[in-house]
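*Asks:* Residue numbers (my numbering): 46 to 383.
For glycine and all other residues, C-beta sits at the position ideal for the given N, C-alpha and C.
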């Protein structure tokens, strides 16, 4: 955890007030800013405040990505996407407030699985996780946005165990240009789709690949591919078949493997075409399971890659909390003394 007293990492100390938010501690720091835990001094609301210190010195591209993250979050209203509460992009430094998710990250849970004595999660958790994240992607893609950086570190849990996508710093609206550079590799290497490794443009199916790798790691505590496998893609070699979950000691149901195989298909055209299609398969696994006689595992007949995708179904969403009654009208920095 970064030291909030270090000016090289953080411009704010514990106890300082930013637009009515009392800074308590730093939760993390990276190339896209510092995240603090804070409490609103009038309402008592807890939040995570993301600040981009030294925005001008950080360079135009970083500031542009920070702004893109805020705009993407402001467009998406869904229970499986972190909720933005307030933004002040013109403040110096720019910042935004979002809901605080106390349940930790999926990455921390995977670390626990991988630790000595760790146990893989059960089928109920894995099914719920897949459904919640597929619903989140449906909402994200409905706004014509691709996340482009889905990984366990960017999946956070609320206190009711609901999984939510966070960190939209690499998100891109499909109808906009300006952030993607031709032949430039962008993303986190172990989760990058083959086409992304080659510098090709990302689309919804790129998100599906990253979702598949993330769910595989959640089920096994291991990443499916080595660095050598991924480098081989650049040399023109296909990825090997996704390792079998059962061989990794996973407690995932039998049908989970078929879903992951399709999510992580090497060719984008062999993956799911929509998040609604993923949800259809998840629903099919729930209502029509059958016993596979040869292996005695629960399986389900999944839809085929080239089938006509089903119509998107509306999904419950959550509204952005209205904070106008508790927030000051303009961004002003106040520093407490003492």
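Would you mind sorting residue 180 into buried or exposed? The rule is 16 or more other CB atoms within 10 Å of its CB.
*Replies:* It counts as buried.
*Asks:* Is the beta carbon of residue 209 sitting closer than 8 Å to the one on residue 276?
*Replies:* No; because the gap between Cβ atoms is not below 8 Å, this pair is not in contact.
*Asks:* Go through its chain and collect everything with a Cβ distance to residue 281's Cβ below 8 Å, but skip five positions before and after it.
*Replies:* Answer for residue 281: no residue qualifies.
*Asks:* Can you tell me the Cα-Cα spacing of residue 248 and residue 110, whole angstroms?
*Replies:* In a straight line, the C-alpha of residue 248 is about 18 Å away from that of residue 110.
*Asks:* Are the Cβ atoms of residue 35 and residue 130 separated by less than 8 Å?
*Replies:* Residue 35 is absent from the model: the chain starts at 46 and stops at 383.
*Asks:* On the three-state DSSP scale, how would you describe residue 90?
*Replies:* Here residue 90 sits in coil by DSSP.
*Asks:* According to DSSP, is residue 121 helix, strand or coil?
*Replies:* Residue 121: coil per DSSP, three-state reduction.
*Asks:* Kindly list the residues whose CB is nearer than 7 Å to the CB of residue 288, restricted to its own chain and excluding five residues on each side of it in sequence; keep chain order.
*Replies:* Excluding sequence neighbours, residue 288 sits near 269.
*Asks:* Between 193, 91 and 113, which lies nearest to residue 259 when the distance is taken from Cα to Cα?
*Replies:* When only C-alpha atoms are compared, the closest one is 193.
*Asks:* Let me confirm a value: residue 114 is counted as buried when at least 16 other C-beta atoms fall within 10 Å, else exposed. Which label applies?
*Replies:* It is buried - the Cβ of residue 114 has at least 16 other Cβ atoms within 10 Å.
*Asks:* Can you grab the Cα-Cα spacing for the pair residue 171 / residue 160, in whole Å?
*Replies:* Rounded to the nearest angstrom, the two C-alpha atoms are 19 Å apart.
*Asks:* For the alpha helix (DSSP H) that residue 170 lies in, which residues bound it at each end?
*Replies:* Looking at the DSSP string, the run of the alpha helix (DSSP H) that includes residue 170 is 168-187.
*Asks:* Between residue 163 and residue 157, how many whole angstroms is the CB-CB distance? I'm expecting something under 8 Å.
*Replies:* Contact holds; Cβ gap of about 5 Å.
*Asks:* Need the endpoints of the alpha helix (DSSP H) that residue 140 sits in, please.
*Replies:* Counting along the chain, residue 140 falls outside any alpha helix (DSSP H), though it belongs to the beta strand (DSSP E) covering 140-144.
*Asks:* Could you give the residue range of the beta strand (DSSP E) that holds residue 158?
*Replies:* Per DSSP, residue 158 belongs to no beta strand (DSSP E); it is in the alpha helix (DSSP H), 151-159.
*Asks:* Are the Cβ atoms of residue 71 and residue 79 separated by less than 8 Å?
*Replies:* Contact flag set, yes.
*Asks:* Per DSSP, what kind of secondary structure is residue 253 in: helix, strand or coil?
*Replies:* Helix.
*Asks:* Residue 318 to residue 190, Cα distance in whole Å?
*Replies:* Near 15 Å, if we compare the C-alpha coordinates of residue 190 and residue 318.
*Asks:* Please go through the same chain and pick out, in chain order, the residues whose beta-carbon is closer than 6 Å to the beta-carbon of residue 56, but skip the five residues on each side of it.
*Replies:* These residues qualify, in order along the chain: 98.
*Asks:* Just to confirm my understanding: we take residue 398, look at its own chain, exclude 5 residues before and 5 after, and list those with CB closer than 7 Å. What are they?
*Replies:* Only positions 46 to 383 of the chain appear in this structure, which leaves residue 398 out of reach.
*Asks:* Classify residue 241: buried if its beta carbon has 16 or more other beta carbons within 10 angstroms, exposed otherwise.
*Replies:* With 16 or more Cβ atoms within 10 Å of its Cβ, residue 241 is classed as buried.
*Asks:* Can you tell me which of the three DSSP states residue 67 falls into?
*Replies:* Three-state DSSP puts residue 67 in a strand.
*Asks:* Using the Cβ count rule (16 or more neighbours within 10 Å means buried), how would you classify residue 68?
*Replies:* Residue 68 is buried by the Cβ-count criterion.
*Asks:* Could you spell out where the alpha helix (DSSP H) holding residue 302 opens and where it closes?
*Replies:* Its alpha helix (DSSP H) spans residues 299-308.
*Asks:* Can you tell me whether DSSP reads residue 111 as helix, strand or coil?
*Replies:* Helix.
*Asks:* With respect to the beta strand (DSSP E) encompassing residue 276, which residues constitute its N-terminal and C-terminal limits?
*Replies:* Where residue 276 is concerned, there is no enclosing beta strand (DSSP E), although the alpha helix (DSSP H) it sits in stretches over 272-279.
*Asks:* Smallest Cα separation from residue 291: which of 264, 272 and 274?
*Replies:* Of the listed residues, the one whose Cα sits closest to residue 291 is 264.
*Asks:* Tell me whether residue 116 sits in a helix, a strand or coil according to DSSP, three-state version.
*Replies:* Helix at residue 116.
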